[in-house]
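Residue numbers (this note's numbering): -3 to 240.
Structural data, given as structure tokens:
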């Protein structure tokens, strides 16, 4: 399949919110001509209010023996590439940061990767809400690093990270017991999803704007989120407000 067709397939699958494995395979097929053999999405820092800011969560499912060993031996503790992610908004290659590996443990991260025929990497940082930081990693024995390919990696990597993160969140919500929200809390979340302000909701529900805000804050507290957008997302994913 021609490269432009591979790229089109990836974008179409993401736009249609297709199955994760299909989207991941399409991305790998699209990037394999540039030396990519493994792709992963990792959330390295949770929301700012999280008591354990480094979580090292592997969002993507594509693993491989190298990534399994990476997790098993906790190589992330000495990975200078991973440590560089929060310091830059641009994608970067391992070649850009490998000179920063000055200790035996830091150099070992790259040595272990090469043992598994992963001699190169290109990381795309992603900065989300509430201080979340993650990245999409493209890995292989020798990755093409020209300006055109860099732009492709950055655009595709950011798109894939957001898609993978959304899928991971949806799956996490589905496996958790539903939170018991009151009728009024569900109503305010419904109207927020329709773009209404506190003043507009107060008129619709015939209560004060302060009371509207109180119901919103209680709903957020119950769900365990900090933003209204996250609370509405929870309600929509669990089909709690579609019939209001």
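Beta carbons: idealized from backbone N, C-alpha and C, even for Gly.
If you check the beta carbons only, do residue i and residue j fall under 8 angstroms apart?
| i | j | result |
| --- | --- | --- |
| residue 102 | residue 80 | no |
| residue 231 | residue 185 | yes |
| residue 120 | residue 182 | no |
| residue 214 | residue 208 | no |
| residue 128 | residue 39 | yes |
| residue 131 | residue 117 | no |
| residue 22 | residue 62 | no |
| residue 157 | residue 10 | no |
| residue 233 | residue 166 | yes |
| residue 210 | residue 216 | no |
What three-state label does DSSP hand residue i in the structure shown?
| i | result |
| --- | --- |
| residue 84 | coil |
| residue 52 | Per-residue confidence for residue 52 stands at a pLDDT of 46, beneath the threshold of 50, marking its modelled position as unreliable; the derived number appears in the next sentence. Correct three-state label for residue 52: strand. |
| residue 32 | coil |
| residue 70 | coil |
| residue 255 | This structure leaves residue 255 out entirely; the chain is present only between -3 and 240. |
| residue 27 | helix |
| residue 14 | coil |
| residue 188 | helix |
| residue 57 | Since pLDDT at residue 57 reaches only 46, below the 50 mark, its modelled position is unreliable, and no value is offered. |
If you follow the beta strand (DSSP E) that residue i is part of, which residue opens it and which one closes it?
| i | result |
| --- | --- |
| residue 121 | 116 to 123 |
| residue 131 | 129 to 136 |
Would you mind reading off the limits of the alpha helix (DSSP H) that contains residue i?
| i | result |
| --- | --- |
| residue 195 | 194 to 201 |
| residue 4 | -1 to 11 |
| residue 207 | 205 to 219 |
| residue 174 | Element bounds for residue 174: n/a, residue is neither H nor E. |
| residue 97 | No alpha helix (DSSP H) holds residue 97; DSSP gives it neither H nor E. |
| residue 222 | Taken as a continuous stretch (DSSP letters only), residue 222 belongs to no alpha helix (DSSP H), as it is neither H nor E. |
Could you work out which residue in the options is closest to residue i when comparing CA atoms only?
| i | options | result |
| --- | --- | --- |
| residue 66 | 83, 36, 82 | 36 |
| residue 34 | 3, 2, 114 | 114 |
| residue 246 | 150, 17, 158 | The first residue shown for the chain is -3 and the last is 240, placing residue 246 beyond what the model contains. |
| residue 31 | 15, 1, 146 | 146 |
| residue 228 | 175, 138, -1 | 175 |
| residue 139 | 90, 159, 165 | 90 |
| residue 88 | 143, 100, 158 | 143 |
| residue 225 | 198, 204, 190 | 190 |
| residue 92 | 99, 141, 104 | 141 |
| residue 188 | 28, 212, 203, 199 | 212 |
| residue 0 | 29, 14, 16, 20 | 29 |
| residue 71 | 3, 223, 104, 218 | 104 |
| residue 8 | 194, 155, 221 | 155 |
With 16 other CB atoms within 10 Å as the buried threshold, where does residue i fall?
| i | result |
| --- | --- |
| residue 12 | exposed |
| residue 26 | buried |
| residue 178 | exposed |
| residue 206 | exposed |
| residue 69 | exposed |
| residue 136 | buried |
| residue 197 | buried |
With a threshold of 7 angstroms, establish whether the CB of residue i neighbours any heavy atom of the ligand FAD.
| i | result |
| --- | --- |
| residue 231 | For the structure depicted, the ligand FAD is absent and the ligand set is empty, with no information on it obtainable. |
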